[in-house]
Amino acid sequence: MTNEARNMTENEDESQTKCAFLLKKKDHTASDLDGTFIPPDKKKKDTNDKEQKLGNELFVFTAEKAGMADVNAEHLRKTVYEMSKDSVFFKNSMKNNDKVDQRIKQMQEQVAKLTQPKIRFLEARIDEIVALQLECRRDLTRIKVVIDMDMFYAAVEMRDNPILRHVPLAVGSIGMISTTNYEARKFGVRSAMPGFIGKKLCPDLVFTPVRMEKYSAIAQEIRQIFAVYDPNFTAFSLDEAALDLTDYTREHWRKYVSQLSLKDWNHDGWMQDCETRQEGGHEMPESLTMKIASAIVSEIRQRIFEETQLTASAGIAVNTMLAKICSNIEKPNGQFALEGSKEVILEFIRELPVRKVGGIGKVMEKILAALNITTMQEVFDRRAVLFHVFKERTATWLLRTCLGIQEQQSESERKSYSRETTFKAVSDFESLKQICASICEHLAQDLAEDNVAARNITLKLKCADFSVRTRSVTLNTSIQSCKRLLQVALDLLKREMPISLRLLGIRAASLIPSVQREETNQVQKRQLTIQDCKMTTEGALDSMKDFGAQEEESALSNDSNKNVDKEAYAPCPICQEMIKTASLIAVNRHIDKCIEKQSIRQPKRRIRITDYME
1 MTNEARNMTE NEDESQTKCA FLLKKKDHTA SDLDGTFIPP DKKKKDTNDK
51 EQKLGNELFV FTAEKAGMAD VNAEHLRKTV YEMSKDSVFF KNSMKNNDKV
101 DQRIKQMQEQ VAKLTQPKIR FLEARIDEIV ALQLECRRDL TRIKVVIDMD
151 MFYAAVEMRD NPILRHVPLA VGSIGMISTT NYEARKFGVR SAMPGFIGKK
201 LCPDLVFTPV RMEKYSAIAQ EIRQIFAVYD PNFTAFSLDE AALDLTDYTR
251 EHWRKYVSQL SLKDWNHDGW MQDCETRQEG GHEMPESLTM KIASAIVSEI
301 RQRIFEETQL TASAGIAVNT MLAKICSNIE KPNGQFALEG SKEVILEFIR
351 ELPVRKVGGI GKVMEKILAA LNITTMQEVF DRRAVLFHVF KERTATWLLR
401 TCLGIQEQQS ESERKSYSRE TTFKAVSDFE SLKQICASIC EHLAQDLAED
451 NVAARNITLK LKCADFSVRT RSVTLNTSIQ SCKRLLQVAL DLLKREMPIS
501 LRLLGIRAAS LIPSVQREET NQVQKRQLTI QDCKMTTEGA LDSMKDFGAQ
551 EEESALSNDS NKNVDKEAYA PCPICQEMIK TASLIAVNRH IDKCIEKQSI
601 RQPKRRIRIT DYME
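The opening residue of the sequence shown carries number 1 in UniProt numbering; numbering runs sequentially from there.
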């Protein structure tokens, strides 16, 4: 133990001054503390107010969406609560919310034990991590774009049926809404909201059914446009994609220079570029990078409109995380570019409410609020608290995010693929089998496109009472085909029957590239059966154990649902990274790379907060 750490421990024994500035003190009235009689009517009102407040935290569809800025928030919350308070979903959500509250209480007790010396100690170590491990990964050279189609499903329906263009429209059913137009959003009606609540908020709401085949065909047209600018673009969904325009911009920047205004050219940055560039140089002026990128994105959006008569919004930044946030700023039918300087990025990100950041959902938002963290600036200011109460992986992700730094991860390092779908409650096995087959078909296509196979398959089940189960199996051989995926998924599903479901999802993880897959499958020749597999059961709220960059509500995307076979992984003797040991060839490749890096420079040991804690 270092002298600093020893001194810190001694100071803790002497000073148990609880840091009141870290936690808001609850105001107690005399009637709370001295046993004064409280009338039953007031107790009932207080209970209703408490339940209504909790209801606001439970429903994702009470959160603001583009086009809802002028909605009467109080009326929206009250209506949603009154329409939902007796439902099975609400009661199940209340149970889950109690678990979250219990966790918050434990965290607050931990924070109360934090002393000033320990806070200073933690902050010093965290700042060391920022300087040595995070800032060195800040990449300001890329041009990333996120393009999001405006109210995609609804826009398609309005395009094809002019009667729907001037009415509040919901694509979906009385059971669940997939998308709404901006006219409906004026009343607070939005996606992921039950249709009967939407009808209560807007009696004139018009419903039209989902036509997925049509939306998919239009999405393919749009993706063909994306491929012109970035052949390796990433599609998040039918209506949203991320593009890397770095190479295209550097190759074609001259084409777009003429579109820039005189104001864009006439500034100190451009003059400085002119002075520093070599005579006859052919490099793009750095000071004009975002201006030129903006012109390219405007062209993409214009081409989408000419092809489909649909509008799109976009965000432009140095990484996808920031670009995603920017894509919501000028909705609908607009775009926003964030200049690629560290100072501008920090000023932008730290003013944001935490919920604006992808990966922070309603559960994490509530936990952070209980720790007096509501903005990204407060995430940084209270970084010692975060590393004290969260797992280091979660705290590091939050720290990196508040700095506007995104961890770079190549497509080959993608951890999982998943597909899921919702439907009216179904209990018939044959019907569930057809749904499962459709999901497996799409999932197999995703795996084939990226030339990977999976050894871990997870089945996500949301029951009629809204409780969530996941069943995971680790296979002895990797699989990729729809037939094999379906076989494994149905074997897992059969074990749960009889059951009534309203959501079914499948995730493929423990990915292996196709070349390595062949090597692995040659070694593992024995036939796979479900009896050979390792089974696990996990609760719906376990997703909060390992919070990462994915929404904690999306169970199929969270690391906590991975059933990792620990015997199939081992630490690299050089870099300590956990690597798959199924293929000796793959292991040797990894070690060879580490040796090559070591010959260039001595690797530095990764700093961890736990190194400094007892």
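Just so you know, even glycine gets a beta-carbon here, dropped at the ideal spot from N, CA and C.
Determine the closest residue to residue i out of the options, with distance taken between C-alpha atoms.
{"i": "VAL228", "options": "PHE336, ILE300 and ALA425", "result": "ILE300"}
{"i": "ASP428", "options": "ILE499, LEU490 and ILE373", "result": "ILE499"}
{"i": "VAL111", "options": "LYS255, GLY172, MET376 and LEU368", "result": "LEU368"}
{"i": "ASP230", "options": "GLU221, THR249, TYR215 and ASP239", "result": "THR249"}
{"i": "ASN97", "options": "LYS366, ASP150 and LEU371", "result": "LYS366"}
{"i": "ARG419", "options": "CYS482, ARG355 and LYS144", "result": "CYS482"}
{"i": "ASP148", "options": "ASN328, VAL210 and THR308", "result": "ASN328"}
{"i": "ALA508", "options": "LEU490, ASP491, LEU459 and LEU501", "result": "LEU459"}
{"i": "SER173", "options": "VAL189, VAL167 and PRO209", "result": "PRO209"}
{"i": "LYS200", "options": "PHE121, LYS99, ASN92 and MET83", "result": "MET83"}
{"i": "ASN345", "options": "GLU307, THR401 and GLY334", "result": "Rather than Asn, the amino acid found at residue 345 in this sequence is Ile. Comparing Cα positions, the closest option is THR401."}
{"i": "HIS442", "options": "SER237, GLU286 and LYS424", "result": "SER237"}
{"i": "ARG484", "options": "ALA444, GLU351 and TRP253", "result": "ALA444"}
{"i": "CYS202", "options": "LEU122, VAL167 and ASN451", "result": "VAL167"}
{"i": "SER472", "options": "ALA464, SER510, CYS463 and GLN406", "result": "SER510"}
{"i": "GLN116", "options": "SER438, ARG382 and GLN406", "result": "ARG382"}
Alpha carbon to alpha carbon, how far is residue i from residue j?
{"i": "GLN102", "j": "ALA384", "result": "21 Å"}
{"i": "HIS388", "j": "GLN106", "result": "12 Å"}
{"i": "VAL146", "j": "ALA241", "result": "6 Å"}
{"i": "SER436", "j": "ARG414", "result": "What sits at residue 436 in the sequence shown is Cys, not Ser. Approximately 23 Å, taken between the alpha carbons."}
{"i": "ALA295", "j": "PRO332", "result": "18 Å"}
{"i": "ALA235", "j": "ASP446", "result": "11 Å"}
{"i": "CYS136", "j": "ASP127", "result": "13 Å"}
{"i": "ALA314", "j": "VAL88", "result": "38 Å"}
{"i": "ILE225", "j": "ILE104", "result": "47 Å"}
{"i": "THR79", "j": "ALA323", "result": "34 Å"}
{"i": "SER258", "j": "MET284", "result": "13 Å"}
{"i": "ALA395", "j": "GLN108", "result": "16 Å"}
{"i": "ALA555", "j": "LEU114", "result": "For ALA555, the predicted model reports a pLDDT of 31, less than 50, meaning its position is unreliable and no value from the coordinates is stated."}
{"i": "THR374", "j": "PHE233", "result": "33 Å"}
{"i": "LYS255", "j": "PHE305", "result": "21 Å"}
{"i": "LYS391", "j": "LEU371", "result": "15 Å"}
{"i": "ARG303", "j": "ILE163", "result": "26 Å"}
{"i": "ASP491", "j": "MET497", "result": "10 Å"}
{"i": "LEU132", "j": "LEU76", "result": "47 Å"}
{"i": "LYS356", "j": "THR179", "result": "20 Å"}
{"i": "residue 622", "j": "GLY361", "result": "Not covered by the structure: residue 622. The range shown for the chain is 1 to 614."}
{"i": "MET94", "j": "ARG190", "result": "22 Å"}
{"i": "ALA217", "j": "VAL488", "result": "30 Å"}
{"i": "GLU157", "j": "ARG138", "result": "42 Å"}
{"i": "GLU430", "j": "LYS118", "result": "59 Å"}
{"i": "GLU351", "j": "THR474", "result": "43 Å"}
{"i": "PHE466", "j": "VAL297", "result": "41 Å"}
{"i": "LEU134", "j": "ARG211", "result": "45 Å"}
Cβ of residue i within 9 Å of Cβ of residue j?
{"i": "LEU386", "j": "ILE129", "result": "no"}
{"i": "ALA219", "j": "ASN181", "result": "no"}
{"i": "LEU169", "j": "ALA192", "result": "no"}
{"i": "VAL318", "j": "LEU205", "result": "no"}
{"i": "MET290", "j": "GLU343", "result": "no"}
{"i": "LEU503", "j": "THR422", "result": "yes"}
{"i": "ARG455", "j": "ASN476", "result": "yes"}
{"i": "GLY175", "j": "PHE196", "result": "yes"}
{"i": "ILE506", "j": "ILE457", "result": "yes"}
{"i": "LEU243", "j": "ILE292", "result": "no"}
{"i": "ARG159", "j": "GLN309", "result": "yes"}
{"i": "VAL363", "j": "VAL379", "result": "no"}
{"i": "residue 641", "j": "THR320", "result": "In the structure as shown, the chain begins at 1 and stops at 614. Residue 641 is therefore absent and cannot be evaluated."}
{"i": "PHE336", "j": "GLY404", "result": "no"}
{"i": "ALA453", "j": "ILE479", "result": "yes"}
{"i": "CYS440", "j": "LEU501", "result": "no"}
{"i": "ASP70", "j": "LYS186", "result": "yes"}
{"i": "THR311", "j": "ARG142", "result": "no"}
Which one or two residues does DSSP pair with residue i in a beta bridge?
{"i": "GLY510", "result": "This sequence places Ser at residue 510; Gly is not what is there. Looking at the DSSP assignment, SER510 forms no beta bridge with any residue, so it has no partner."}
{"i": "LYS342", "result": "Looking at the DSSP assignment, LYS342 forms no beta bridge with any residue, so it has no partner."}
{"i": "VAL80", "result": "Partner(s): none; VAL80 has no beta bridge."}
{"i": "SER313", "result": "ASP148"}
{"i": "GLN335", "result": "ALA314"}
{"i": "PRO353", "result": "THR375"}
Runs of beta strand (DSSP E) lying entirely within the segment 379-444, each at least 3 residues, in chain order: Within the segment 379-444, the complete beta strand (DSSP E) runs of at least 3 residues fall at 416-426.
Within the segment 239-263, note down every full beta strand (DSSP E) run reaching 3 residues or more, in order along the chain. Those beta strand (DSSP E) runs which fall completely within the segment 239-263 and span 3+ residues are 240-244.
Taking the runs of the alpha helix (DSSP H) that are 4 residues or longer, which of them lie wholly in the segment 100-184? Correct list: 116-129 and 152-160.
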